[in-house]
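Written out below as C-alpha cells is the structure these notes cover.
2 protein chains.
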Amino acid sequence: MTKKEKRVEQITSRDVDFSQWYTDIVVKAELISYSPVRGCMILRPYGFAIWERLQAEFDRMLKATGHENVAMPLFIPESLLQKEKDHVEGFAPEVAWVTQGGDEVLSERLVIRPTSETLFCAHYAETIESWRDLPKLYNQWCSVVRWEKSTRPFLRTTEFFWQEGHTAHADEAEAREETLRILNMYEDLYRDVMAIPVIKGRKSDKEKFAGARETYTVEAMMHDGKALQAATSHYFGDGFAKAFDITFTDRNNELKYVHQTSWGISTRSIGGLIMVHGDDDGLRLPPRIAPVQIVIVPVAMHKPGVLDAAHALKESLSDYRVKIDDTDKMPGWKFAEHEMKGVPLRLEIGPRDIENNACLAVRRDTGEKQVLPLDNIAEAAGRLLEAIHSSMLSEATELLNKSQYEAADWVTFTDLIAGKPGFVHAYWCGSEDCEAKVKDETQATSRCLVETDKLDGRTCVVCGEPANHLVIWGKAY
Amino acid sequence: MTKKEKRVEQITSRDVDFSQWYTDIVVKAELISYSPVRGCMILRPYGFAIWERLQAEFDRMLKATGHENVAMPLFIPESLLQKEKDHVEGFAPEVAWVTQGGDEVLSERLVIRPTSETLFCAHYAETIESWRDLPKLYNQWCSVVRWEKSTRPFLRTTEFFWQEGHTAHADEAEAREETLRILNMYEDLYRDVMAIPVIKGRKSDKEKFAGARETYTVEAMMHDGKALQAATSHYFGDGFAKAFDITFTDRNNELKYVHQTSWGISTRSIGGLIMVHGDDDGLRLPPRIAPVQIVIVPVAMHKPGVLDAAHALKESLSDYRVKIDDTDKMPGWKFAEHEMKGVPLRLEIGPRDIENNACLAVRRDTGEKQVLPLDNIAEAAGRLLEAIHSSMLSEATELLNKSQYEAADWVTFTDLIAGKPGFVHAYWCGSEDCEAKVKDETQATSRCLVETDKLDGRTCVVCGEPANHLVIWGKAY
C-alpha cells in the first residue's frame, strides 16, 4: 500500500461529511493543534505561515494607503468598556474577566479585549486636538478573546488573530470614504491573494457591529453552499466620539466631534481558504498566499547528480518560495503530503529528467502534468503559478455564481433555503420581525443588503408589504 | 522664541535627572502614551515602528537559521502552569488570573501567559515522536503579562512585547549549541542593528530563569552607568522534558527525553536604545533601526521649485526610509521635532541649494553639517548613514569600556559601587550568602559570570574564601 492510498483513507470525503472533511484538513495539513485551553487553537508553523503571508500582503496595502501600526493594551478596564451603551451590551456577555493580579484581588475588573474600540477612543480623546491631527489611520495586528460556547478551528475560536483598524476623520464624508475604501481593499485581498471572489454589501441593523451606525461586509461562498462573513468595515458616525468626547478644533477654530471607522479581517479567512479551495486530497492553496509555492521532489534521490540537480533547480527559482523535500520518505508519500498541504506546484526531477534537461511539473489545482525544459524554468514556473491563481479564482467564481437564487415569495424562498445551499436574493420590507422569522424558520440570516434600482413594485418575501431592500440571505458559518 | 528653544526648555537635561529625562523622551518623541490600564503602555506609531524594525531584522535572522514562527494561546490552565515545580514558583506570584468567561465562573482558573514554556512543552509532548521530528525550532512574537508592582515605559510594564523561542533537541550538545547560537545572534542584533555593544555571560543560579539549568545573558551599559539585561537565552537540560514527558525514539529505537532551550528579547530593548544613545535634544536612533532614516526638510517651501526638488530628492533616495516634512510648521520647529525623534540624517533643501545643485546634510549623532552635491546623493547618503552607525557604536563602546572597574577587596568594591556607576569585575566564591550580601549592602547584583583562566589564587571579594567565578557586578534596570 502506498502512502497516498493510506492517506486518502484517512481523510473524509468532502461530499460525504463536509464538517469532518474540514476538521481532517486542519489537523492533517498541520495547520493547527488543539490546545489544552478550551476553544483556543495552536497555530502550527504551516498554519501560521499562511497567516504571516496574509499579514504581509494586507500590511503592505495598509501602509501604501497611509495607515500606521500601533499596539494597544490587552486589557480594558470595566468602566471603559461601559462608555458606549450599544457596544457594551453587544460584548459584555462574551468576554473573559481578569479579577486577580498576583495576590491582589482587583478593585476594578479587567476585560481581555474582545475588540479595541474603547481603547482607541480613549487614546484619540487624549491625542487629537486640532484638524492638523486628523485623520488618524491606525491599525493593530493582535489577538482578541470572545468567550464562545462552541468553537471550530479558524471559524470560531475563543482567541483569534486579526487586524483591527480604527480611524478618526474630520467629517462624515471622509469617514464614509474610508469605510468603503477598506471594504474594497478586503475584496482585492480576497480576490488577488486568496483567489476568492466576494459579495460586498451592508449589514442589516440587527447584524451590524455593536455601536456602529453601519456595517459593511464581504461575504464569500463556501463549497457546501454556506456563507462566510469574510471581513467587515464599520462606519461609526460620531457615536463613539460623543461617548468618549473626542473633539478637535477645525480650520475655523470651531470645536467638532470626529467621525470614526473600524474594520477587521481575522484568521477566519484561513477557514475560508480551506472551504473554498480544498478537495478530497486536502488543502489547495492559491500561489500568492502559499507559504511554499513550489515543492521540488527529487526522484531516485540516491542516484548521483539528482540532489545536485534539485538544488540547482531551486537556485534558478529564487524568485519564488521553494522547498526541496529531501527527506528519506518514498516519493509517493511526499506527493501525498504536499498535496495535503496544498502546495500549488510540484516539480519532480530524477535521472531521466536530468538527461532530458527537464523536470515534471504537477499542478495541485488540476493534477495536470507537463514536462518543463530546465532552460527558462523560472519563467515557465511563474507562468504556471499565475495560471493556477487564475484557474482557482475562476473555479471559485463559478461556485459563487452557480449558488445564487432568486425568490419572490415565501414558499419559493423556504424551498430554496432548505433544498439549494447558496445565496437567495429576495426583497425585504426592513422590519426586524420579518428578519427574525427568516432566521427562526429557515436558519438562514440576512448576509447583506445590496444596492438595487429595482425596488419599485417589489414586495417583502416574508410579509408581502412593499420592499425597501434587496437582501442576500443564506446559511452561514 | 524659536521652537527649538521652546522644546529644549521642555526636556529635562540627561545629567540633571536621568530618570525624568528618560520619561520626557518616551513621551515627547511620541513613542508611547500611558494607557487607562495600570502598568500598560500604548505603543504609538513611532514607537511601534521601531519595534517592527527590530522584529523584521531578528525574524530574518531566525528564519535564516531554520526557526519557524507559531502562535500559542494567550491562556495557560492553572494545572498546566504547575507541572514544572521551579517554573511555577517563579511565576505564580506575578501573573494575572482569569476567573470568569461570559457569565460562567471558571472551574479551573486561567493564567495569562507570563511566558509560554508550559504551552510549548505540552505541544511538544503531543507532536514529537521520533528523531525525525527533531529539532523543533519554534518561535513566537507576542505579548506577555507580569503583574509588576512598579512600572516604567519599555523597561518594566505589566504587558510587554517580545519574541519567545522554544526549541527541542535530540541531545544536550545540540541544545547547548542552540542556546549559545541564539546568545550570539542577540549580540549581533544589538551591535549591528542597534549600535549597542553587549557583554555576554552566564547568570548565577539565583538570577537564572525559573526552571532553567543555565541562563545566558547579554548585558548592556546605559548612559547613567546602570546595566540593562538586554536579552536572555536558557538551557533547560531535560528538566521540562521530564515534567511534561516529552520523549522520542532515537535512531537506535530507544526512548529518550529531549533537551530544550528558550530565549527572548523584548520591548525593553527600546528602553536600552534610548538610554544608550539619547542626548539632551532627545532620541538618537542608529540608522539600521530608525523607522525614518532621512528626513527631508524643504526650506522656503512656498518658493517655486522647492517642493518639487524635495520630492525629486526623495525619489533618488528610494533605497532608504525617507520622509519629507512638508507640514506648515517653521523649519526650526521641524528641525527640533526630528531631532527629538532621533532621525539619523536631515537633508535641508531650499532655493539656494537648488541653484547650487546641492543640499545641506545634518547628522543627528554629531550635529555636523555638510553640503552634499545632488549628483550621486544616494551613494553619499548611504555612506553617511553607515558612518553614523559606526560612530554611534564607537561612542557606545567607549561608554561601555570606560565604565569597567576591578575590585579585589570588599572596601574597594563597595566604594566603586557607591561612587562609580558601571560594572565592577570581582571574584566570587559562589555562595548565595555572599551574593545576597552584595545586593543587600550595595543594591548591585551579579550581572553575569564571565569566562576566565585566572581563578588560581583569587579570593571572593565578599568573604575572602577561594574564588570559583569571575563576576561582573552592577546596579541594573
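Which chain is which? The protein sequence lines are U and E, in order. Just so we're aligned, residue 11 is where the first sequence starts under this note's numbering, counting upward by one. Just so we're aligned, residue 11 is where the second sequence starts under this note's numbering, counting upward by one. Beta carbons are placed, not taken as given, at the ideal position from N, Cα and C, and that holds for glycine.
Three-state class that DSSP yields for residue i in the structure shown
i, result
"E/V448", "helix"
"E/S160", "coil"
"U/L564", "Since the first residue of chain U shown is 11 and the last is 487, residue 564 of chain U is not available in this structure."
"E/P103", "helix"
"E/D289", "strand"
"U/R468", "coil"
"E/V481", "strand"
"U/E114", "strand"
"U/A185", "helix"
"U/L165", "coil"
"E/P476", "strand"
"E/A180", "coil"
"U/A436", "strand"
"U/G175", "strand"
"E/K339", "coil"
"E/Q303", "coil"
"U/R201", "helix"
"U/T462", "coil"
"U/K14", "Note that U/K14 scores 45 on pLDDT, short of 50, meaning its location in the model is unreliable and no value can be drawn from it."
"U/L129", "helix"
"E/R457", "strand"
"U/L344", "Sequence check: residue 344 of chain U is Lys here, not Leu. Residue state, collapsed to three classes: helix."
"U/V98", "helix"
"E/R331", "coil"
"U/S23", "coil"
"U/L120", "strand"
"E/S153", "strand"
"E/S326", "helix"
Nearest residue (CA-CA) to residue i, options the options
i, options, result
"U/H244", "U/F68, U/E104 and U/A185", "U/A185"
"E/A390", "E/L327, E/T177 and E/T424", "E/L327"
"U/T161", "U/G281, U/A220, U/V115 and U/H133", "U/G281"
"U/V268", "U/V381, U/H479 and U/A253", "U/A253"
"E/L382", "E/D375, E/T376, E/L395 and E/N367", "E/N367"
"E/I387", "E/E461, E/L116, E/A446 and E/D329", "E/D329"
"E/A406", "E/E40, E/E88, E/R70 and E/A205", "E/A205"
"U/H133", "U/A81, U/V47 and U/V98", "U/A81"
"E/A251", "E/E114, E/E78, E/S404 and E/S272", "E/S272"
"E/P46", "U/I86, U/S404, U/W107 and U/F423", "U/I86"
"E/G360", "E/L480, E/V372 and E/A319", "E/A319"
"E/L410", "E/H399, E/E396, E/V434 and E/A428", "E/V434"
"E/R191", "E/T137, E/D143, E/T242 and E/K351", "E/T242"
"U/G247", "U/E264, U/W31 and U/R223", "U/R223"
"U/E461", "U/G175, U/K210 and U/W172", "U/K210"
"U/S413", "U/H399, U/S401, U/G429 and U/I398", "U/G429"
"U/G57", "U/I427, U/V353 and U/A397", "U/V353"
"U/A371", "U/C458, U/T227 and U/G392", "U/G392"
Closer than 7 Å: residue i CB and nearest the ligand MN heavy atom
i, result
"E/P341", "Summarising the ligand content, the structure contains no ligands, and the ligand MN is consequently not present."
Cβ-Cβ separation, residue j to residue i (assumed contact under 8 Å), whole Å
i, j, result
"U/H233", "U/R24", "7 Å"
"U/L293", "U/A39", "5 Å"
"E/D34", "E/W141", "About 55 Å; that fails the 8 Å criterion."
CB contact below 8 Å: residue i versus chain B
i, result
"E/I280", "The chain inventory of the structure shown lacks chain B, comprising the protein chains U and E."
*asked:* Three or more C-beta pairs under 8 Å: does that hold for the segment 270-290 of chain U against the segment 226-241 of chain U?
replied: yes
*Completely contained beta strand (DSSP E) runs for the segment 347-429 of chain U, where each covers 3 or more residues*: 355-359, 368-373, 379-383 and 414-416
*Identify every run of the alpha helix (DSSP H) within the segment 211-295 of chain E, keeping only runs that are complete inside it and at least 4 residues long; order them along the chain.*
249-254 and 278-287
*Counting only runs of 3+ residues fully inside the segment 28-81 of chain U, write out the beta strand (DSSP E) ranges in chain order.*
42-44 and 51-53
*Flag this pair as touching only if the segment 85-95 of chain U and the segment 113-128 of chain U have three or more C-beta atom pairs under 8 Å; answer yes or no.*
yes
*So does the segment 305-312 of chain U actually touch the segment 329-340 of chain U, counting three or more Cβ pairs closer than 8 Å?*
yes
_Under 8 Å, with one C-beta from each stretch per pair, do the segment 188-205 of chain E and the segment 438-455 of chain E reach the 3-pair mark?_
no
*asked:* I want to know whether the segment 417-427 of chain U touches the segment 290-304 of chain U - three or more CB-CB distances under 8 Å.
replied: no
_Sufficient close CB pairs (3 or more, under 8 Å) joining the segment 106-117 of chain E to the segment 97-107 of chain U_ = yes
*Can you find at least 3 beta carbon pairs, one from the segment 50-70 of chain U and one from the segment 176-184 of chain U, that sit closer than 8 Å?*
no
*Would you call the segment 429-444 of chain E and the segment 461-481 of chain E touching, i.e. three or more CB-CB distances under 8 Å?*
yes
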